[in-house]
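Protein chains: 6
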Amino acid sequence: MTRGFYIGRFQPYHKGHHQVIEQIAAEVDEVVVGIGSADQSHTLQNPFTAGERMMMITKCLAEMDLVTYVVPIEDINRNSVWVSHVTAMSPHFDVAYSNNPLVIRLFDESGINVRQSPMFDRDQLEGENIRERMRQDEGWRELLPEPVVQTIKEINGITRIQHIADTDASGRADPE
Amino acid sequence: MTRGFYIGRFQPYHKGHHQVIEQIAAEVDEVVVGIGSADQSHTLQNPFTAGERMMMITKCLAEMDLVTYVVPIEDINRNSVWVSHVTAMSPHFDVAYSNNPLVIRLFDESGINVRQSPMFDRDQLEGENIRERMRQDEGWRELLPEPVVQTIKEINGITRIQHIADTDASGRADPE
Amino acid sequence: MTRGFYIGRFQPYHKGHHQVIEQIAAEVDEVVVGIGSADQSHTLQNPFTAGERMMMITKCLAEMDLVTYVVPIEDINRNSVWVSHVTAMSPHFDVAYSNNPLVIRLFDESGINVRQSPMFDRDQLEGENIRERMRQDEGWRELLPEPVVQTIKEINGITRIQHIADTDASGRADPE
Amino acid sequence: MTRGFYIGRFQPYHKGHHQVIEQIAAEVDEVVVGIGSADQSHTLQNPFTAGERMMMITKCLAEMDLVTYVVPIEDINRNSVWVSHVTAMSPHFDVAYSNNPLVIRLFDESGINVRQSPMFDRDQLEGENIRERMRQDEGWRELLPEPVVQTIKEINGITRIQHIADTDASGRADPE
Amino acid sequence: MTRGFYIGRFQPYHKGHHQVIEQIAAEVDEVVVGIGSADQSHTLQNPFTAGERMMMITKCLAEMDLVTYVVPIEDINRNSVWVSHVTAMSPHFDVAYSNNPLVIRLFDESGINVRQSPMFDRDQLEGENIRERMRQDEGWRELLPEPVVQTIKEINGITRIQHIADTDASGRADPE
Amino acid sequence: MTRGFYIGRFQPYHKGHHQVIEQIAAEVDEVVVGIGSADQSHTLQNPFTAGERMMMITKCLAEMDLVTYVVPIEDINRNSVWVSHVTAMSPHFDVAYSNNPLVIRLFDESGINVRQSPMFDRDQLEGENIRERMRQDEGWRELLPEPVVQTIKEINGITRIQHIADTDASGRADPE
Numbered sequence: 051m052t053r054g055f056y057i058g059r060f061q062p063y064h065k066g067h068h069q070v071i072e073q074i075a076a077e078v079d080e081v082v083v084g085i086g087s088a089d090q091s092h093t094l095q096n097p098f099t100a101g102e103r104m105m106m107i108t109k110c111l112a113e114m115d116l117v118t119y120v121v122p123i124e125d126i127n128r129n130s131v132w133v134s135h136v137t138a139m140s141p142h143f144d145v146a147y148s149n150n151p152l153v154i155r156l157f158d159e160s161g162i163n164v165r166q167s168p169m170f171d172r173d174q175l176e177g178e179n180i181r182e183r184m185r186q187d188e189g190w191r192e193l194l195p196e197p198v199v200q201t202i203k204e205i206n207g208i209t210r211i212q213h214i215a216d217t218d219a220s221g222r223a224d225p226e
Numbered sequence: 051m052t053r054g055f056y057i058g059r060f061q062p063y064h065k066g067h068h069q070v071i072e073q074i075a076a077e078v079d080e081v082v083v084g085i086g087s088a089d090q091s092h093t094l095q096n097p098f099t100a101g102e103r104m105m106m107i108t109k110c111l112a113e114m115d116l117v118t119y120v121v122p123i124e125d126i127n128r129n130s131v132w133v134s135h136v137t138a139m140s141p142h143f144d145v146a147y148s149n150n151p152l153v154i155r156l157f158d159e160s161g162i163n164v165r166q167s168p169m170f171d172r173d174q175l176e177g178e179n180i181r182e183r184m185r186q187d188e189g190w191r192e193l194l195p196e197p198v199v200q201t202i203k204e205i206n207g208i209t210r211i212q213h214i215a216d217t218d219a220s221g222r223a224d225p226e
Numbered sequence: 051m052t053r054g055f056y057i058g059r060f061q062p063y064h065k066g067h068h069q070v071i072e073q074i075a076a077e078v079d080e081v082v083v084g085i086g087s088a089d090q091s092h093t094l095q096n097p098f099t100a101g102e103r104m105m106m107i108t109k110c111l112a113e114m115d116l117v118t119y120v121v122p123i124e125d126i127n128r129n130s131v132w133v134s135h136v137t138a139m140s141p142h143f144d145v146a147y148s149n150n151p152l153v154i155r156l157f158d159e160s161g162i163n164v165r166q167s168p169m170f171d172r173d174q175l176e177g178e179n180i181r182e183r184m185r186q187d188e189g190w191r192e193l194l195p196e197p198v199v200q201t202i203k204e205i206n207g208i209t210r211i212q213h214i215a216d217t218d219a220s221g222r223a224d225p226e
Numbered sequence: 051m052t053r054g055f056y057i058g059r060f061q062p063y064h065k066g067h068h069q070v071i072e073q074i075a076a077e078v079d080e081v082v083v084g085i086g087s088a089d090q091s092h093t094l095q096n097p098f099t100a101g102e103r104m105m106m107i108t109k110c111l112a113e114m115d116l117v118t119y120v121v122p123i124e125d126i127n128r129n130s131v132w133v134s135h136v137t138a139m140s141p142h143f144d145v146a147y148s149n150n151p152l153v154i155r156l157f158d159e160s161g162i163n164v165r166q167s168p169m170f171d172r173d174q175l176e177g178e179n180i181r182e183r184m185r186q187d188e189g190w191r192e193l194l195p196e197p198v199v200q201t202i203k204e205i206n207g208i209t210r211i212q213h214i215a216d217t218d219a220s221g222r223a224d225p226e
Numbered sequence: 051m052t053r054g055f056y057i058g059r060f061q062p063y064h065k066g067h068h069q070v071i072e073q074i075a076a077e078v079d080e081v082v083v084g085i086g087s088a089d090q091s092h093t094l095q096n097p098f099t100a101g102e103r104m105m106m107i108t109k110c111l112a113e114m115d116l117v118t119y120v121v122p123i124e125d126i127n128r129n130s131v132w133v134s135h136v137t138a139m140s141p142h143f144d145v146a147y148s149n150n151p152l153v154i155r156l157f158d159e160s161g162i163n164v165r166q167s168p169m170f171d172r173d174q175l176e177g178e179n180i181r182e183r184m185r186q187d188e189g190w191r192e193l194l195p196e197p198v199v200q201t202i203k204e205i206n207g208i209t210r211i212q213h214i215a216d217t218d219a220s221g222r223a224d225p226e
Numbered sequence: 051m052t053r054g055f056y057i058g059r060f061q062p063y064h065k066g067h068h069q070v071i072e073q074i075a076a077e078v079d080e081v082v083v084g085i086g087s088a089d090q091s092h093t094l095q096n097p098f099t100a101g102e103r104m105m106m107i108t109k110c111l112a113e114m115d116l117v118t119y120v121v122p123i124e125d126i127n128r129n130s131v132w133v134s135h136v137t138a139m140s141p142h143f144d145v146a147y148s149n150n151p152l153v154i155r156l157f158d159e160s161g162i163n164v165r166q167s168p169m170f171d172r173d174q175l176e177g178e179n180i181r182e183r184m185r186q187d188e189g190w191r192e193l194l195p196e197p198v199v200q201t202i203k204e205i206n207g208i209t210r211i212q213h214i215a216d217t218d219a220s221g222r223a224d225p226e
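Chains as they are written, first to last, in the working numbering: chain A, 51 to 226; chain B, 51 to 226; chain C, 51 to 226; chain D, 51 to 226; chain E, 51 to 226; chain F, 51 to 226.
Put into structure tokens, the structure is as follows:
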């Protein structure tokens, strides 16, 4: 039995993420999906809470024929202990998937097997682009799996992003 | 659709916890299981990591006919924000189940619907008793669901508890 | 102009605290009242939030003819920086009042002028005794200034203490 | 009785802030003034300590005929619990005033009554502009209430800002 | 070249610690001495600051013919990342020495070579016993290396311990 | 006996730092070298761990005829307590050396004797420039003392910096 680990911030979970997990699923028996920056929400870069992201992802994975674990992982802001933090929060895994050179480096220095994760169409699908489309409420639905569109609707996600975007750049709740 | 929330430390997940979730399952459509003190491990009170506990619980819940979410929740050590912390980490829930008067109080002060959780046979099944039996490696298997026994075996859980029990009372890694 | 500093947890603010401040008021022009462990609440030792304690104290001090500042001070859990933490949070003061030997020591090592604070009738008035009386809802009213009794009534303080007292010893929101 | 809540960083407290509080005072009986980022000081964006800001504000409010509470509030860096943090630190309030869309959003999602705060002349009075004038020691006195000018003089505030401005952009005490 | 790692709280550094390091020195070429709970001071269990302990240890090791590194290590309160924290703070080491079963366990689970450290006469030399003798200012000098006695004298260590011992059990700076 | 304190991040320790310490050595009997941001590593600005930096510095100082202490100092992110943090972590010192105006200001406000540190050739030797040369693996060796070049080789430092530089700007382990 092989278990793979794949981490992202999933702000929001989009079709690119979903393709990656489908390709990982072809290589392993079980997948752990780590939700990074789980403690962050209500900012331009991280609009959704960990619980909201968990709901998006779990609903999308339910359609797949694969044992999955979805694990929110709070930031620890200390690269040297990040791998131990992740491995303690997650069910044991045999291989980590990532395209982030730092993540690859950290797993590698810790002696954990790490593979380049399959690529998706980055131009169309990267998170920052999608969040900008959501702010304008235009052209974002087709980039997300249907259950994610549904969740965003239920939590009034578009309004939240628009409110946050009006705030000063710090993305913090303290006004001048 | 009604979603219930049930939190515990699950050190380890035992038959009493499982009975409670079965009874909750009769009242709601989906259950969120929160793993408290997710950042703690390798102490007498919290021997297992969040990832290990997640594995125990997920395997036991797989046998049930119920949509479930398993959410590790790190301690925040500040009762006044604990409810917000939990609700941000968890998929939205309509009712929280607990027997802990403080937890009931905190949810209540936050205006969240909270119900007394069904009781299990506390004498036999409380965590402290089970951990003591594990330390002596005697009479603990019958108190845990089979997948939990299996997980504990895979991670050498009994040896870990015995090692920890030999350590001084502080349960901290700094020796004198 | 001389400003004095007096710190306590004020769980709750009682007549003994009030006497101390009255005596300090005879020696200085202005008093800063620091509310310690401001981040703690809903435990047996710290039942009330910083905001609730601030309300109790401000109302009692309003009756006095003295310029006062009430400053909530979060725990910093590191004795070596505690004095800097306090002096940064508080308006500048010339003398600190305390009976706690550690506090006296820390101010002293930092070169801050510190005086033994006037004593009140400790047997009757210490916080632990008062909280126990509140738990039993008997004999606590006469030990507190009238505005404090009023505040506790408004926030259902007695019920909160009774709920907390029913909880296991850890005083933490994570149930077994 | 109605109590309003108004939060800012007040670096420094200026005539615009004062006008806002005067207008709020017309709508409520008591005002809580929250000092945000209370743990930050000695940076370009946050030159003054919480205690220094408390002194500035308290002196200005003393002239008003209104019950006020001044509450330093440390950053908690987690938007999802920010409202609980604020409500635990502050005396109970009925309505929050803010122009910050994120703050409005967070209070709104928590079910707390929030109103657009009255606007002041932003061009002249925003904090960043004032701090730049203070760095050049030119044209800042007329933008601040007299007690604030006095406090800045007592603590050598202009020299501090000039020293900080010479430091590298990080605003942190660790040199290269 | 072999480098060994030995960790303690060294409150204070005593002859037993020194014997252990002498014995480790016979097995390795270089020794890293980790000062645990470096962030704690001014409590009964941790009376001395990291800097004071560093001075004690460095002076004692200067007499030995061995390359040594003295590394203060702050508590991280999360056993699962403790080993990564230690290895990032310390020069690389090949073997860790400890008698603490938890420490041994944690290094072992991380795949780091760990050896039982040589034992000293625990009855006479354990830290708690020595601190009690220091509180009574009787019979402690003969248990400590001469440079440690000297350092304690310079920093008025006995008076500090006596002041701290008068404080209530919490060992915290917040008075009732 | 006079002890001086000199702090830097030493990412990496270069010939400019070494010259400064040599000049300080002419003025004092002992030098404490504080390693700032000790908790940070594996980022473009802070590529090396505290332990790696400690090794670089200790080896270079071994060649000098001077008693030295090397002290890793974790960030505390609160300027108002930074000086107490440093003085608790470090052996007692009589004078601090710095060119950083904020550091000079903080020591000055705390009443600690602080001197402008001797200047080195900033154009050639500043850390950012050296790290950029390391990324390109060109022209960096001549700017570092020989033992530092050796340490960087042993830990594959160039490869690490190149990996980190490929990562997105945040320098954090969470991928999109």
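Here a beta-carbon is modelled for each residue, glycine too, at the ideal position from N, C-alpha and C.
Coarse secondary structure for residue i, derived from DSSP in three states
{"i": "Ser134 of chain D", "result": "helix"}
{"i": "Asn96 of chain F", "result": "coil"}
{"i": "Asp216 of chain F", "result": "helix"}
{"i": "Thr209 of chain F", "result": "helix"}
{"i": "Leu152 of chain C", "result": "helix"}
{"i": "Pro62 of chain C", "result": "coil"}
{"i": "Met169 of chain F", "result": "coil"}
{"i": "Asp79 of chain E", "result": "coil"}
{"i": "Leu116 of chain C", "result": "coil"}
Where the alpha helix (DSSP H) through residue i begins and ends
{"i": "Ile74 of chain B", "result": "65 to 75"}
{"i": "Glu263 of chain E", "result": "With chain E covering only 51 through 226, there is no way to say anything about residue 263 of chain E."}
{"i": "Glu196 of chain E", "result": "196 to 204"}
Range covered by the beta strand (DSSP E) that runs through residue i
{"i": "Phe55 of chain D", "result": "53 to 58"}
Whole-Å CB distance - residue i paired with residue j, under 8 Å assumed
{"i": "Val131 of chain C", "j": "Ile85 of chain C", "result": "That pair is no contact at about 19 Å."}
{"i": "Arg210 of chain F", "j": "Pro62 of chain F", "result": "Their Cβ separation, rounded to whole angstroms, is 12 Å, which puts Arg210 of chain F and Pro62 of chain F out of contact at 8 Å."}
{"i": "His227 of chain A", "j": "Gly101 of chain B", "result": "In the structure as shown, chain A begins at 51 and stops at 226. Residue 227 of chain A is therefore absent and cannot be evaluated."}
{"i": "Gln166 of chain F", "j": "Asn149 of chain F", "result": "6 Å"}
{"i": "Gly133 of chain A", "j": "Ile162 of chain A", "result": "Just to set this straight, residue 133 of chain A is Val in the shown sequence, not Gly. The pair is a contact, with the Cβ atoms about 7 Å apart (cut-off 8 Å)."}
For residue i, the residue or residues it bridges with in DSSP
{"i": "Gly45 of chain B", "result": "In the structure as shown, chain B starts at 51 and stops at 226, and residue 45 of chain B therefore has no counterpart that could be examined."}
{"i": "Ala146 of chain E", "result": "E:Phe55, E:Val164"}
Minimum C-alpha distance to residue i - residue among the options
{"i": "Ala112 of chain F", "options": "E:His68, E:Glu113, E:Thr118", "result": "E:Thr118"}
{"i": "Ser87 of chain F", "options": "F:Val70, F:His64, F:Asn127", "result": "F:Asn127"}
{"i": "Gln90 of chain F", "options": "F:Thr99, F:Met104, F:Ala215", "result": "F:Thr99"}
{"i": "Arg145 of chain B", "options": "B:Val82, B:Gln212, B:Asp216, B:Arg210", "result": "In the sequence as presented, Arg is not what sits at residue 145 of chain B; that position holds Val. When each option's Cα is compared against that of Val145 of chain B, the closest is B:Val82."}
{"i": "Arg172 of chain D", "options": "D:Gly54, D:Met105, D:His64, D:Val78", "result": "D:His64"}
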